[in-house]
Amino acid sequence: MKDSKDVTCPKCNHVFDLSSALKGSIESDLREKLREDFEQKEKLLKDSLSSKDEQITSLRESSARESQELREKLRLELSQEYQSLFAIEKADLQKQILQQKSQAANALRLEIELTNTKLALQEMQDKNDQKLELEVSKRLLTQEQDHALKVKQLHEANQANFLAFENEKAILKTNLEKDLTESIREKFIVDQKHLEERLAAEKLKSQEAQKNELEFRRLKVSLEEQKQTQELEFQRKLDEERDRIAEEVRQRTQTESAKIIDEQNLKMATLQRALDDARLKATQGSQQTQGEALELRLEEELARMFPNDEFEPVGKGVRGADLIHRVKSHSGKHAGTIVWEFKQTKNWSDDWVVKLKEDQRELSAELAAIVSSVIPKNHGQLGTTDGVWIAQPALAKALAQMLREQILHVFQARITNQIPADQKENVFKYLTGTKFKQSLEAEISTVSNLILDLQKEKRAFSRMWASREQQLNQLLALKGSLYGDLQGILGKSLPSIATLELEEPNPEEPGE
326 MKDSKDVTCP
336 KCNHVFDLSS
346 ALKGSIESDL
356 REKLREDFEQ
366 KEKLLKDSLS
376 SKDEQITSLR
386 ESSARESQEL
396 REKLRLELSQ
406 EYQSLFAIEK
416 ADLQKQILQQ
426 KSQAANALRL
436 EIELTNTKLA
446 LQEMQDKNDQ
456 KLELEVSKRL
466 LTQEQDHALK
476 VKQLHEANQA
486 NFLAFENEKA
496 ILKTNLEKDL
506 TESIREKFIV
516 DQKHLEERLA
526 AEKLKSQEAQ
536 KNELEFRRLK
546 VSLEEQKQTQ
556 ELEFQRKLDE
566 ERDRIAEEVR
576 QRTQTESAKI
586 IDEQNLKMAT
596 LQRALDDARL
606 KATQGSQQTQ
616 GEALELRLEE
626 ELARMFPNDE
636 FEPVGKGVRG
646 ADLIHRVKSH
656 SGKHAGTIVW
666 EFKQTKNWSD
676 DWVVKLKEDQ
686 RELSAELAAI
696 VSSVIPKNHG
706 QLGTTDGVWI
716 AQPALAKALA
726 QMLREQILHV
736 FQARITNQIP
746 ADQKENVFKY
756 LTGTKFKQSL
766 EAEISTVSNL
776 ILDLQKEKRA
786 FSRMWASREQ
796 QLNQLLALKG
806 SLYGDLQGIL
816 GKSLPSIATL
826 ELEEPNPEEP
836 GE
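Residue numbers (this note's numbering): 326 to 837.
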């Protein structure tokens with residue numbers, strides 16, 4: 326009798342052990358598939374963890390490199406900017422350094438706050454990474470446990486199927502012994518159908534395993550996307566915090582700079598008030614001294630303008646005009662005389678005109694002129710009163726030029742016999758008359774306007790230069806203060822600027 330486990334194929338009459346063939350084939354296929362699935366999942370998990378480690382390392386290196394590049398860029402820009410600073414005096418630099426110590430402490434505190442913030446953010450990132458890795462590990466462990474449980478259940482099901490198969494095989498053996506003909510073939514077909522159904526069930530289980538693997542991969546992708554989202558959010562928060570700290574530093578720097586500028590403006594205003602007070606006191610000095618100073622200045626200017634003429638100043642206490650101006654022709658001959666009176670007072674006196682006309686008659690001078698800082702009311706800057714020319718100091722040189730040219734013109738006409746001697750009085754009347762006055766006033770008015778425009782331009786340029794000088798001084802003070810703050814923080818690593826360094830005193834040579 327044949328062994329009940331042996332089955333003969335009805336087509337080829339080949340005898341084989343049915344249980345061994347089925348069991349070996351199924352177990353081999355299942356083991357190979359499970360091994361491949363496990364190795365593939367293990368490889369994917371290792372690759373994923375390795376990729377995450379590389380990303381974390383790259384992120385940390387990139388953050389450190391960006392921080393170093395930012396520091397290097399800031400140091401280079403500051404170094405290049407400070408190369409263009411101007412020289413500043415030693416006393417001002419020391420004073421600015423003492424005033425900016427508090428700013429250095431504030432800058433150092435801000436640097437410490439920035440470092441602490443970076444450390445806190447880095448620690449937060451590390452915690453998030455650890456939390457994410459722990460979550461991934463937990464989920465992977467859960468998936469592996471579920472998969473192992475399913476494999477175990479599948480194995481138990483296979484064992485149950487195997488037992489059932491053994492039972493069926495025993496039944497089949499009994500049936501085969503009863504009927505070795507057509508019933509055996511029909512039973513074999515039925516068993517084959519059952520086997521195909523089992524194989525279909527195994528296929529369904531395999532599809533379920535694939536479905537679980539697909540779900541696992543989707544979960545893994547979701548976790549990676551979640552991690553990327555968290556990293557992106559962390560980077561945004563880091564950038565926002567960096568921008569906030571930079572803005573805070575900039576605003577504090579601007580506030581400190583504005584405070585320094587206000588202090589400098591206050592000092593300049595104080596100095597300007599002191600200067601104005603000093604000028605006021607100086608102008609309130611002796612009027613006699615001021616008049617003498619005006620007389621000497623105009624005398625020197627007239628002497629420079631007309632080096633060929635003679636100027637005879639009248640001493641203090643001596644009767645007569647302040648200055649006797651004898652005009653000389655090109656040949657050196659006496660052409661005429663101008664008597665000058667200089668006044669530097671607060672109030673005008675008509676007695677000056679009467680006195681100067683007396684001095685003019687005594688000296689037989691052709692013309693007389695008074696140069697005064699104060700002139701009669703409704704008189705204008707230049708004019709005549711009783712034949713005496715009156716002008717402000719700003720027009721004194723122009724008046725002297727005009728009067729001298731008229732005297733030379735009359736002298737030239739007289740020596741060429743164009744004017745008879747008996748008409749000399751008429752010429753004198755013309756020179757002291759309205760027509761000549763109007764002509765001379767028109768000429769001098771033009772010169773006066775030009776002088777006034779020139780004085781306005783001088784004042785405007787003086788204000789502009791003073792403003793620029795003040796701004797440059799403030800800029801130098803601010804740059805020196807900022808350089809002192811950075812030098813206090815960075816120490817000797819900051820390049821030195823020769824214009825901001827104190828000069829070392831030369832050692833005294835020992836006496837012989």
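Glycine is no exception: its CB is placed at the ideal position from the N, C-alpha and C atoms.
For clarity, every value in this text was computed on a predicted model and none was experimentally measured.
Is residue i near residue j, with beta carbons less than 8 Å apart?
i    : j    : result
L688 : T662 : yes
V713 : V678 : yes
E635 : K658 : no
I695 : L681 : yes
A646 : D684 : yes
K722 : M630 : yes
L692 : I740 : no
I715 : S697 : yes
A389 : K475 : no
Measuring straight from C-alpha to C-alpha, what distance separates residue i and residue j?
i    : j    : result
L623 : A660 : 21 Å
L720 : Q796 : 36 Å
S806 : I570 : 22 Å
E768 : I700 : 20 Å
Q579 : A802 : 14 Å
E361 : K368 : 10 Å
K518 : Q551 : 49 Å
Q799 : A791 : 12 Å
L591 : K783 : 26 Å
E556 : R464 : 20 Å
K285 : S375 : Limits of the chain in this structure are 326 at one end and 837 at the other, which puts residue 285 out of reach.
R729 : H655 : 12 Å
D372 : D568 : 36 Å
R356 : L563 : 50 Å
F559 : F541 : 27 Å
K452 : G809 : 40 Å
L488 : F363 : 28 Å
R788 : N774 : 21 Å
I401 : E391 : Checking the sequence shown, residue 401 turns out to be Leu, not Ile. Each residue's alpha carbon lies about 15 Å from the other.
A738 : D676 : 35 Å
Q365 : C337 : 41 Å
Q380 : R523 : 47 Å
V546 : K584 : 56 Å
Q669 : A618 : 9 Å
H650 : F786 : 36 Å
R543 : E549 : 10 Å
T398 : E438 : One point to set straight first is that residue 398 is Lys, not Thr, in the sequence displayed. Taking the straight line from one Cα to the other gives about 20 Å.
Using a Cβ-Cβ cutoff of less than 6 Å, which residues in the same chain neighbour residue i once the five nearest sequence positions on both sides are dropped?
i    : result
L627 : A725
A690 : T662, V664
Considering only DSSP beta bridges, list what residue i is partnered with.
i    : result
E666 : I695
H704 : The partner list for H704 (beta bridge, DSSP) is empty, contrary to what the question assumes.
E637 : I649
G661 : V652
T710 : V713
Going along the chain, which residues of its own chain have a beta-carbon closer than 8 Å to the beta-carbon of residue i, five neighbours each way excluded?
i    : result
E780 : Per the sequence shown, the amino acid found at residue 780 is Gln instead of Glu. Excluding positions up to five away in sequence, the list reads A719.
E620 : P638, D647, L648, F667
Suppose the cutoff is 7 Å on Cβ atoms and the five residues either side in sequence are ignored; what does the same chain contact list for residue i look like?
i    : result
M593 : Q795
N672 : V699
E481 : none
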